[in-house]
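Residue numbers (the UniProt record's numbering), protein chains in the order written: chain B, 1 to 352; chain Z, 1 to 352.
The C-beta atom is built at its ideal place from N, Cα and C for all residues, glycine as well.
None of these values were measured; they are calculated from a predicted model.
Worksheet for the structure shown next.
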DNA sequence: TTGTACGCGTTATCAT
DNA sequence: ATGATAACGCGTACAA
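Okay, structure coming up:
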């Protein structure tokens, strides 16, 4: 069942059928509706393979993932991100191909050959953890359109959450609820993500006239185990040095901290406030429920998709960096508004 | 940069270059290596678009998802499943396209047109929640290859976990640890998933000579809220009727139950044992950590991919149903082995 | 407004 | 072993 069959049935040339399908203005409305009728009747669908070859476009974009690296963020929000990308692409009749990068053992299966040089995809979206500098350079050298999910150094358009604003929101919230000695769990100094988030955290402290202590940031991974370990260490500090609130880099770190507090008999939120980046499905169900910074990963995907589509339309589009605002979800791991006043005075009096 | 450019550079016909690329035996090793040299030197990669048209195959398989329906299972394990599928496909040089089903408003973008009739993909993988009976019939009528993730009624090959065995494992574990009056949270009678799991649960009870009470299964959604509500209701039963252990359909239901137990001052695992299907990342970090049934979703994806590939190879392959064994992860929400003896006697003595 | 002829880049068939 | 030529199915100038 090809376009020729339709042409034969309609007693026209196949080029006419093609024009009808592509809604060319150079064909009469009468023949259009007549041929559409035949197309529907014969249940014809153009071969995308042939169309793609003729139009020299795959109408397909690739999403690069790294299966080897457990990238918790992507891992967790993958479904939403993909959903967002998909919904942006489907509008413009693009499809989404998922591809694992890296086959260290078989370089011939590298995505660069499989997808890019191949022209199997018209553009690429990838997380900044897979978009290394040299990789970006290579793609830029090929003038191949791509977008990063997450801030990146190279001259590339990207979408990300405003992590600085997020750090500020969490710290400002804790200060507003009367906490005065804030700590930050956990991360490595050189991570971009940490730098941004801690920057916002420090800014909120500075705005409140409080010192932004370097030691406020406890090093370590942002997982449950190190949240627990750091938590015990912190809670065992002498009363005068012990922080009364913590901003956690992840829900997992907060879980660990929660466990440590429970073991040490420290009341949350009374004696210790906890607020965390991200908002995992179980965060409403911890004891107490966790105050979190929710990030809309679906919209993140939409933004990435739309940005790439724009770039496909206009290859000379100037670089764009889109930042999405996170949203504070206040639950019970931070003191309530009413409690803040009384608690705050008492707490700060005792601590300082 | 086309195959013709290589042919010109090598002073041969393009058909010869094509044969070299496809490693045809009808070309001398000498010219092979000579032309491969030129290919590498000129950095040539065949256009997949042209290859696909000529070979009449997209070398692409589609994964159908439903963004509108919050299908918790897929949602949560999406990354792993995709990873598994991808790793199976890459071996055979297939790519994976993700596609959202349903555009109720625009039927012309239905995946049936976009992917199947189009021949944009050579085969399909989908969860049983999207593979409705009529949809299966339609695909079968087209003789289009596809695999279901999750058991399905239609004559279709599928992969799934052995839910019956899972129900049995959880119940048998509770019995082995001395619990005697088991309940089952939660689910609807007509759900296939529930039927299988509860079947295994009931079988374990029967094997232990215990009645498999119909009322053992408390109806409701398998989420945290209903786990909590059902939990309170159950814990408030008179001592003689109150179950001393529960198998939960999901981690979330278990969280709710855990919360209810804490509020009623019921000790877990001493006074109440809890074991749940699935093993979410936070289940080791609840208080107490949750005894779970781990399912290897990556392998599930691999199986689905491999099964589809086999079907692509041999369209007349007989139907296959592959069941993967779940794995019991014993944590602290069920009594320890040593405690089981003593507790069991006391408990059963009190209860019966 | 419709039809003709060729191009898209590759593979496959059949001569040589 | 190699080369010429015809598919593959569709899009599109250009001619009619």
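Residue 146/Z carries a strand assignment under DSSP once its states are collapsed to helix, strand and coil. Listed along the chain, the chain Z residues whose CB falls inside 8 Å of the CB of residue 83/B are 65, 67 and 100.
The three-state secondary structure of residue 182/B, taken from DSSP, is strand. Comparing C-alpha distances from residue 47/Z to each of 270/B, 259/B, 168/B and 112/B shows the shortest one belongs to 112/B. Between the C-alpha atoms of residue 231/B and residue 207/B there is a straight-line separation of about 26 Å. Contact note: residue 50/B reaches chain Z through 53, using a C-beta cutoff of 9 Å and chain order. The alpha carbon of residue 40/B has as its nearest neighbour, out of 79/B, 51/B, 67/B and 3/B, the alpha carbon of 3/B. Residue pairing for residue 99/Z: DSSP places it in a beta bridge opposite 64/Z. Contact residues of the segment 14-26 of chain Z toward chain B are absent (C-beta to C-beta distance below 9 Å). About 19 Å separates the CB atoms of residue 77/Z and residue 286/Z; that is not less than 8 Å, and the two are not in contact. Apart from the 5 residues on each side of it in sequence, residue 66/Z sits with its Cβ closer than 6 Å to the Cβ of 101 and 130 in its chain, given in chain order. Per the coordinates, the alpha-carbon of residue 97/Z lies some 9 Å from the alpha-carbon of residue 61/B. Contact annotation: residue 273/B and residue 174/B have beta-carbon atoms nearer than 7 Å. Not one beta carbon of chain B lies nearer than 7 Å to the beta carbon of residue 249/Z. In the structure shown, the three-state DSSP call for residue 338/Z is helix.
Residue 161/Z places its beta carbon less than 7 Å from that of residue 324/Z. Using a Cβ-Cβ cut-off of 7 Å, residue 124/Z does not count as an interface residue toward chain B, since no Cβ of chain B sits closer than that to its own. Within the same chain, 44 come within 6 Å of residue 1/Z by CB-CB distance, once the 5 residues on both sides are set aside.
Residue 321/Z: member of the beta strand (DSSP E) spanning 321-324, first to last residue. Annotation for residue 137/B: 154 place their beta carbon closer than 8 Å to its own, counting only its chain and skipping 5 residues before and after.
Here DSSP, grouped into helix, strand and coil, assigns residue 45/Z to coil. In this structure, 86/B is the residue among 167/B, 278/B, 86/B and 141/B with its C-alpha nearest to the C-alpha of residue 63/B.
The three-state reading of DSSP puts residue 22/B in coil, since its state is none of H, G, I, E or B.
Listed in chain order, the positions of the segment 231-263 of chain B with a beta carbon within less than 9 Å of a beta carbon of chain Z are 251, 252, 255, 256, 258, 259 and 262. The three-state reading of DSSP puts residue 286/Z in coil, since its state is none of H, G, I, E or B. Chain order gives the chain B residues near residue 78/Z as 78 and 79, where near means a beta carbon separation below 7 Å. The beta carbon of residue 260/Z is closer than 7 Å to those of 228, 231, 232 and 235 in its chain, skipping five residues each way along the sequence.
A check of alpha carbon separations from residue 168/Z across 52/Z, 326/Z and 8/Z identifies 326/Z as the nearest. Cβ contact annotation for residue 252/B (same chain, cutoff 7 Å, sequence separation greater than five): 222, 223, 224 and 227, in chain order. For residue 237/Z, the number of other beta carbons within 10 angstroms of its own is below 16, and it is reported as exposed. When only Cα atoms are considered, residue 211/Z and residue 284/B end up about 37 Å apart.
Inclusion of residue 334/Z and residue 269/Z in the CB contact set at 7 Å is warranted, their separation being smaller than that value. No residue range can be given for residue 295/Z, since it is assigned to no alpha helix (DSSP H) and is classified by DSSP as neither H nor E. Residue pairing by DSSP places residue 123/Z opposite 61/Z in a beta bridge. Within chain B, no C-beta atom comes nearer than 8 Å to that of residue 195/Z; the closest sits roughly 26 Å away. Not a single C-beta of chain Z is nearer than 7 Å to the C-beta of residue 94/B.
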